[in-house]
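Residue numbers (this note's numbering): 1 to 272. All C-beta atoms in this analysis are idealised placements derived from N, C-alpha and C, irrespective of residue type, glycine included. Keep in mind the model is a prediction, meaning the values are calculated, not measured.
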Amino acid sequence: MLVAQISDLHVAEGRGLAFNVADGALLLEKTVAHLATLPQQPDCVVVSGDISVNGQSGGYALVAEALGTLAMPVFVLPGNHDRRENLVAGLAPYCPADPAVAPYLCYTVEDYPLRLVFFDATRPGSHSGHFDAPVAAWLEKTLAAQPGRPTLVLTHHPPFLTALGVMDEPYENAEGLGHILQKYPNVRLCCGHLHRHMFTVWHGVAALTAPPVCMHIVPDFCPTGGDAFTDEAPAFLLHHFVDGRVNTHYCRVPGDFAERGPFSFSHPPKLA
1 MLVAQISDLH
11 VAEGRGLAFN
21 VADGALLLEK
31 TVAHLATLPQ
41 QPDCVVVSGD
51 ISVNGQSGGY
61 ALVAEALGTL
71 AMPVFVLPGN
81 HDRRENLVAG
91 LAPYCPADPA
101 VAPYLCYTVE
111 DYPLRLVFFD
121 ATRPGSHSGH
131 FDAPVAAWLE
141 KTLAAQPGRP
151 TLVLTHHPPF
161 LTALGVMDEP
171 YENAEGLGHI
181 LQKYPNVRLC
191 CGHLHRHMFT
201 VWHGVAALTA
211 PPVCMHIVPD
221 FCPTGGDAFT
231 DEAPAFLLHH
241 FVDGRVNTHY
251 CRVPGDFAER
261 GPFSFSHPPK
271 LA
């Protein structure tokens, strides 16, 4: 079984530029076109948040148009730049949220040998991760229902420190999340948000972040690092479930892409 994970699309309505630099719509279209040509087609595609610039409805419309060209199922979850109500309005077929934990967008996909569990750690108006009590109760119950089943747990914010200074904001109740996950060594925690691929072990569980479709953060591990990004080829992960384990592969989208930057998130260039 193959699961393609894409993340941090930052598609702007009207095909605008994210942070006045990156054409998220074009980068997503190139990514989707590449996924459609893979020799072994993914069984599904998961999108781990930051889908539309500032949660704009027009951004979700462009994303729906691009994702609608894929032959396989697609599943999405929100990031801190998304707005839940606009995401659901624009991408409802890709977000079968469990009403028992509304307004959080949490759900499971049980159709494959590898279980997929999505949980929402966003809070309106906050850039950081928040593992709120209703979500914690839902996740604990969900994982306990099938404790031995190999599972990808997908969310937007990594709860662990990355050493990219400005990205390491406090994650509310991270220890509560760790306490739940450490009971299930068959789980792999798959995040977005970082705009870089990294792998670690956290509370005894394999944990990683996906590379971005749009805007790659420069690896600068000083206290103020994590603010600079480059505009370059999109990348994604392929999670291959084989022989009872998950092998995760980093993949770049081939093609002629600009290699520009670095630019600053906090002080983006002005539009010409």
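Name the one or two DSSP bridge partners that Ser264 has.
-> Ala228
Using the DSSP secondary-structure output, state which residues sit across from Cys222 in a beta bridge.
-> Per DSSP, none; premise fails for Cys222.
In chain order, each beta strand (DSSP E) run of at least 3 residues that lies wholly inside the region 153-215 = 187-191, 198-202, 205-209
Find out if the Cβ-Cβ distance for the pair Leu70, Val213 is shorter than 7 Å.
-> no
Taking the continuous beta strand (DSSP E) assigned at Thr248, which residues delimit it?
-> 245-252
Nearest to Gly178 (by Cα), restricted to the options Glu85, Met1, His267, Leu143 | Leu143
Extent of the continuous beta strand (DSSP E) run through Ser48 = 44-48
Would you mind giving the Cβ-Cβ distance between Val53 and Ile6, rounded to the nearest angstrom? I have them listed as a contact below 8 Å.
-> Actually they are not in contact, since the Cβ atoms of Val53 and Ile6 sit about 16 Å apart, beyond 8 Å.
Would you kindly work out how many angstroms separate the C-alpha atoms of Asp111 and Val242, rounded to a whole number?
-> 16 Å
How long is the line joining the alpha carbons of Gly24 and Ala210, rounded to whole angstroms?
-> 16 Å
I think Leu181 touches His203, with their Cβ atoms under 8 Å apart; what is that distance to the nearest whole Å?
-> 5 Å
What number of angstroms, rounded off, separates the C-alpha of Lys183 from the C-alpha of Asn173?
-> 17 Å
With DSSP as the reference, label Arg15 as helix, strand or coil.
-> helix
Within the same chain, show all residues whose beta-carbon is closer than 7 Å to that of Phe257, passing over the 5 residues directly before and after it, in chain order.
-> Glu232, Ala233
Contact between the region 115-129 and the region 8-16 (3+ Cβ pairs under 8 Å) = no
By how many angstroms is the C-alpha of Ala102 removed from the C-alpha of Cys191?
-> 21 Å
Keeping to the same chain, check which residues put their C-beta closer than 7 Å to that of Ala64; ignore five residues upstream and five downstream.
-> Gly90, Leu91
Any idea if Pro78 is buried or exposed, counting beta-carbon neighbours within 10 angstroms, 16 or more meaning buried?
-> buried
Put Leu9 into one of helix, strand or coil per three-state DSSP.
-> coil
What residues in its chain sit with their C-beta under 6 Å from that of Arg123, if we drop five residues either side in the sequence?
-> His130
Return helix, strand or coil for Ala4, following the three-state DSSP convention.
-> strand
For Pro73, which residues from the same chain have a beta carbon less than 6 Å from its beta carbon, with the 5 sequence-adjacent residues on both sides left out?
-> Cys44
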